[in-house]
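If you read the sequences in order, they're chains L and Y.
For the first sequence, our numbering begins at 57 and goes up steadily by one.
For the second sequence, our numbering begins at 75 and goes up steadily by one.
Backbone N, C-alpha and C fix where the C-beta goes; we use that ideal spot for every residue, glycine too.
Here's the structure we're looking at; comments come further down.
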Amino acid sequence: MSSLLANPFIQSAVLPFMATVVLAALINRVAGRWRGLAAAGGFYLSAALIAGLQVLPLTSTRKILLLGVLATVVALLFVWRKIHGQRRNGVLVIVAVVAAIWVAWPVLMREQGLAWWTLVVAVMVYTGWILVSFDTLHAQVATQLLTLTAFAAATAIAATIGATALIGQLAGAIAAACGALLLMTMLAGKTWSNDMLLLPLILMTGLFGIAAVIYARLPWQSLIILMAVPLVPRLPLTLSNIWLKIIAQAVLMLPIAAAAVYLAWGSAGDSYY
Amino acid sequence: MSRILTLVLLMTVAGVASAARESYTIDPNHTFPNFTINHLGYSTMHGRFGKTSGKLTLDRETMTGSVEVVIDAASVDTGFHKRDDHLRSPDFLNVGEFPTITYKADKVKLNKDGTGTVQGKLTLAGVTKPVTLTVDRMHCATHPFDPSKKKFVCGFDASAMIKRSDFGVSYGLPGIGDEMQLSFELEAERN
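Written out as structure tokens, the structure is:
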């Protein structure tokens, strides 16, 4: 059993997928509006196996996992207090800025001048863009789930090629958890709206990408390309059936994800071990 | 008068004691920390760190001293650059956040036959744990290639076994081994 649980595919794909299915089914019986938490629950179960439960020393990976918990609290506040529009965007931008700088802090401390400013602006812009662009999709949760699944999967593959399997596994677990929730939604034949509870997973995926660039060998150009993923749902697809639209959007996201992964592959070289 | 004499005597003894304890600077070109670890059960992987600095003190009369070694974590070299990149990543050494590995010891006990122990603390990936090195051999002498005969060098071979999980470096367990055999080849020149 322990060797099974130590298998990376089990940790990053099977376990978060199955855990999310079980949690979503349970939550649906009690309070359907909180079903978005199922994906976060499935992810954290997986993260406990992949990264362990220790907090210290506070590495960038552990900071990201803690920020996910904090973002869950923020998301619950948004839902409870019905915070919308500009106010919500303002909070999201502040969360993005603080989170990104905290994760990048060990490297920021050593940089100076233009390099410092470039890094600060880059991590703030990337994280802010990811949070705000995904937030525009929160009213179409199935679309948001698809976009997050594709974004997380591409981040996972690119990060693994970029010399960090740990971050790749964690991002992969997010993709698996969101994929599970999306599949359940499609099988149920109905979506829901106004779910902020994917915010923690969106934030963490963005930060995992940043960590893979700063602390491993993922080329930053891959993240630039991935910024286009949440733009795909804005394309004018004239399909009345929402599920066909989801599938069409998935097909359109594939080349973007492939380009980001290809860049990482090109940078890392063609050998593997 | 007797008070002045006592003071002079005390200062002389202290001076002699401090003169007995010599200071050395580690020679980075002849000092390499090495490690081995089991790779998925197939073979034992060997690696080393290419950049080291530090200092040590040694009292060759009492065979005691202290040592402080600073290792550039990014200088890890296993002969395969993709594996080295992986070792530098957050999965293992996390050099972006912890650029150095340090070993500090002030309990050095050496025997006349050149063996001994060094009790100190190893800081790896931000975690500090006590680690005792076994000194396998030691040799101090004037360097044979120095025409001025002023270059005095002490060299040591030392080893220890650690568990990387004790330092929070747990990724890849149990496939990639937990136990790491450390061995240091160290040379230092007297200041």
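Query	Result
Proximal residues to Y177/Y (C-beta, below 6 Å), its chain only, five neighbours per side dropped	V143, G194, L196
G322/L at chain Y interface by Cβ criterion, 8 Å	no
Contacts around A91/Y, its chain only, beta-carbon distance under 7 Å, and the 5 residues preceding and following it disregarded	For A91/Y, the predicted model reports a pLDDT of 49, less than 50, meaning its position is unreliable; a value from the coordinates is still stated below. No residues qualify anywhere along the chain.
Residue range of the unbroken beta strand (DSSP E) whose run includes Q277/L	That residue, Q277/L, is in no beta strand (DSSP E); its alpha helix (DSSP H) goes 276-282.
Inter-residue spacing [alpha-carbon to alpha-carbon] between V125/L and M252/L	14 Å
Distance, H140/L Cα to A324/L Cα	42 Å
Beta carbon of L256/Y nearer than 8 Å to that of F123/Y	no
Inter-residue CB distance, P164/Y and T220/L (contact presumed, cutoff 8 Å)	6 Å
Interface residues of chain L facing G170/Y [CB-CB closer than 7 Å]	P162, V163, I270, Y271
Distance between L122/L and A208/L (C-alpha atoms, nearest Å)	18 Å
Paired residues, beta bridge with M119/Y - DSSP	I111/Y
Backbone CA spacing between A107/L and E259/Y [nearest angstrom]	34 Å
Host alpha helix (DSSP H) of F73/L (start-end)	71-86
Beta-carbon contacts of R95/Y that lie in its chain and below 6 Å, excluding the five residues immediately before and after	T131, D133
Proximity to A316/L [Cα-Cα], best of L257/L, T216/L, R166/L, K246/L	T216/L
Spatially closest choice to A320/L from P292/L, A268/L, P286/L, by CA coordinates	A268/L
Span of the beta strand (DSSP E), counted from its first residue to its last, around P204/Y	201-216
Within 8 Å, strictly: CB atoms of P289/L and T203/L	yes
Residue-chain proximity (Q200/L, chain Y), Cβ-Cβ < 8 Å	no
Check whether T174/L and A156/L have beta carbons under 8 Å apart	no
Simplified DSSP state of M254/Y, which is helix, strand or coil	strand
Among L282/L, W136/L, E167/L, T76/L, nearest to I213/L - alpha-carbon criterion	L282/L
Chain Y contact for Q277/L (CB, 8 Å cutoff)	no
Whole-angstrom C-beta distance between I270/L and T199/L, which should lie under 8 Å	Not quite, the Cβ-Cβ distance comes to about 30 Å (not below 8 Å), so this is no contact.
Interface flag, G242/Y vs chain L, CB-CB below 8 Å	yes
Interface partners of I223/L on chain Y, CB under 9 Å	S163, P164, D165
Contact the stretch 156-172 of chain Y vs the stretch 96-116 of chain L: 3+ CB pairs below 8 Å	yes
Cα-Cα separation between N63/L and C234/L, rounded to whole angstroms	20 Å
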